[in-house]
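Report on one structure; see the data block that follows.
There are 2 protein chains.
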Amino acid sequence: MNKKDVAIVLAGGIGVRMEASRPKQFLDLSEKPIIIHTLERFEKNIQISLVAVVCHMDYVEYLDELVKKNGLKKVYKIIPGGETRQESSFIGIKNCSPGTECVLIHDAVRPFIDDKIIEDTLTAAKETGAAGTVIDTADTIVVTEGHFIKEIPDRKNLKRIQTPQGFCYKTITEAHEWALKKGIKDATDDCGLVLAMGRPVRAVSGSVFNIKITDQADLSLAEKFIAMVQ
Amino acid sequence: MNKKDVAIVLAGGIGVRMEASRPKQFLDLSEKPIIIHTLERFEKNIQISLVAVVCHMDYVEYLDELVKKNGLKKVYKIIPGGETRQESSFIGIKNCSPGTECVLIHDAVRPFIDDKIIEDTLTAAKETGAAGTVIDTADTIVVTEGHFIKEIPDRKNLKRIQTPQGFCYKTITEAHEWALKKGIKDATDDCGLVLAMGRPVRAVSGSVFNIKITDQADLSLAEKFIAMVQ
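Chain order of the listed sequences is A and B. The opening residue of the first sequence carries number 17 in the working numbering; numbering runs sequentially from there. The opening residue of the second sequence carries number 17 in the working numbering; numbering runs sequentially from there.
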């Protein structure tokens, strides 16, 4: 059996922050749902073999129609999500096809993932077992303790973590099983679980364009990005 | 002599990030230069007695005309800035009038500072000696070491620091003198100098609206904020 690299797209959110009729991943960006832009990036990438989408159960059927309508061939499973992000992520992992070598876990609402990010993350994950994409922080970050500022760490060692995050299939499966044994249930980040387990995680350069669309201002910015490249 | 609270507005930047004919603090926001919006907030606040502006030397005269044209009575000094932010900040501090009790150091390009932020920061500064305004981080922040992610600190203890930052006059003067003795010349943050000297710094709640306008996207967002309240 050939080894495969699988993208797991997390679309479980119901988008409480965006006042709209549909979850934000289904809102239109340049006349096409945001999630379709995201899935098309994986469809066109030569290294990704298959795509599994973890989706809120109320939208599984709707997404299935969108996938068919847009001719996306790599999406082989649309799976109802769990109660938490951690659970949804593990559901995606457990639903990867046999022979999966690496997984790339990605937010549905980051439609500007590109080939370079996908390939750099997979390469680092294969070398180290786990890799997360990071970008510089625009602001100065401080550490607080109660009502006091305790420390201003050197900004050059602080980064904002994005998705995709890439993992050897064995590493991320072990990390999720380990977390459940430890009673950890609300992790918002897969790299965090691998770190907590004591394994190394590589930092890969992400992109300032790989934004997460969580509100109307992000959506306006995303429209500008699309206009820039057209 | 009555004790006074003085605002020091830092407008030293020449705005290399914004492709425009003038430094960003002089660009129009709702038909008025950004810095005039900022100065008006202090003009209207009852706790601030005087405002000192530290400005790039090429723009001192231009700003003086703007201040007169807009009838700003509290701006009593416009001083040419230094080579670094730290130097400009210290120049502002040294140019405060006799009898200054507290200073509020603020970026010229944060025009949405409001009375609550000004007063909360001054109150905390009077109690503790130093105070900085902070807001939550929207992103997950990680600590990197070379090409590896070493730690994902608990997000609830990480904050983004903004301006204003408020200080007892004696505390901030000592911090700057201490820094120069130690050879520290490139501090980008006044609270950081007080912390480095080993003194406590309070964390005061800032506001997500108190944005720093550094590029065209920020300026568009600022226009939206203005439209919201009109």
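Glycine is no exception: its CB is placed at the ideal position from the N, C-alpha and C atoms. Source: prediction; values computed, not measured.
Report the rounded CA-to-CA distance for residue i versus residue j, giving the unit in angstroms.
i        : j        : result
A/Val67  : A/Lys175 : 28 Å
A/Gly208 : B/Thr204 : 30 Å
A/Val83  : A/Lys20  : 21 Å
A/Tyr92  : A/Asp80  : 10 Å
B/Gly145 : A/Lys197 : 47 Å
B/Ile151 : B/Pro49  : 26 Å
A/Ile89  : A/Val119 : According to the sequence as given, residue 89 of chain A is Lys; it is not Ile. Distance between the alpha carbons of A/Lys89 and A/Val119 is about 18 Å.
A/Gln232 : B/Ile200 : 42 Å
A/Asn111 : A/Glu193 : 15 Å
A/Leu138 : A/Pro96  : 26 Å
A/Lys166 : B/Ala140 : 15 Å
B/Ile121 : A/Phe225 : 32 Å
A/Ile227 : B/Ile94  : 40 Å
B/Thr54  : A/Lys85  : 51 Å
B/Thr160 : A/Ala23  : 25 Å
A/Gly87  : B/Ile177 : 46 Å
A/Ser221 : B/Asp155 : 16 Å
A/Glu47  : B/Ser37  : 36 Å
B/Met244 : A/Asp206 : 38 Å
B/Ala195 : A/Ala195 : 45 Å
Name the chain B residues whose beta carbon is nearer than 7 Å to that of residue i?
i        : result
A/Phe164 : Pro216, Val217, Arg218 and Ala219
Which residues in chain B sit within 9 Å of residue i, going by Cβ to Cβ distance?
i        : result
A/Arg176 : Thr153, Ala154, Asp155, Thr156, Ile157 and Val158
Using a Cβ-Cβ cutoff of less than 7 Å, which residues in the same chain neighbour residue i once the five nearest sequence positions on both sides are dropped?
i        : result
B/Leu211 : Val217
B/Glu135 : Gln63
B/Asp202 : Thr100 and Gln102
B/Thr187 : Gly145, Ala146, Val210 and Arg215
B/Ile107 : Val70, Ile95, Gly97 and Gly98
List, in chain order, every chain A residue whose beta-carbon is nearer than 9 Å to that of residue i.
i        : result
B/Glu161 : Asn173 and Ala219
What does residue i touch in chain A if you count any residue whose Cβ is under 8 Å from its own?
i        : result
B/Leu237 : Ala233
B/Ile168 : Ile177, Asp205, Cys207, Gly208 and Leu211
Who are the Cβ neighbours of residue i in its own chain at under 6 Å, not counting the five residues just before and after it?
i        : result
A/Ile157 : Leu174
A/Ala27  : Gln41, Ile51, Val69, Cys71 and Ala124
B/Asp131 : Asn61
B/Leu235 : Ile229
B/Glu143 : none
B/Glu239 : none
A/Met73  : Pro96
B/Glu59  : Leu88 and Lys90
List the residues of chain A whose Cβ lies closer than 7 Å to the Cβ of residue i, in chain order.
i       : result
B/Ile28 : Note that residue 28 of chain B corresponds to Gly in the displayed sequence, not to Ile. Going along chain A, no residue has its Cβ under 7 Å from B/Gly28, so there is no contact; the nearest lies around 17 Å.
Name, please, each residue of chain B whose Cβ falls closer than 8 Å to the Cβ of residue i.
i        : result
A/Val119 : In chain order: nothing, as chain B lies at least about 17 Å away.
A/Gly148 : Val158 and Ile165
Could you tell me how far apart the beta carbons of residue i and residue j are, in whole angstroms, since I believe they sit closer than 8 Å?
i        : j        : result
A/Thr179 : A/Ile109 : So it is not a contact: roughly 14 Å between Cβ atoms.
A/Arg171 : A/Thr153 : 6 Å
A/Gly148 : A/Gln181 : 5 Å
A/Tyr75  : A/Pro39  : 7 Å
A/Ile168 : A/Arg57  : About 37 Å; that fails the 8 Å criterion.
A/Ala191 : B/His163 : About 20 Å; that fails the 8 Å criterion.
B/Ser223 : B/Ile133 : 6 Å
Closer than 8 Å by C-beta to residue i: which residues in its own chain qualify, once you throw out the five before and the five after it? Chain order, please.
i        : result
A/Glu117 : Lys19, Lys20, Asp21, Lys142, Cys184 and Tyr185
B/Ser104 : Leu26, Gly28, Val70, Gly97 and Gly98
B/Leu45  : His53, Pro127, Ile229, Leu235, Ala238, Glu239 and Ile242
A/Tyr78  : Phe42
Using a Cβ-based criterion (distance less than 7 Å to any ligand heavy atom), does residue i qualify as near the ligand NAP?
i       : result
A/Glu77 : Ligands in the displayed structure: none, and consequently the ligand NAP is not present.
Give a yes or no on whether 8 Å exceeds the smallest Cβ distance from residue i to chain C.
i        : result
A/Ala203 : Of the protein chains in the structure, A and B, none is chain C.
> Of all the residues that make up the stretch 187-213 of chain B, which are near chain A by a beta-carbon distance shorter than 8 Å?
Replying inline: Thr204, Asp205, Cys207, Gly208 and Leu211
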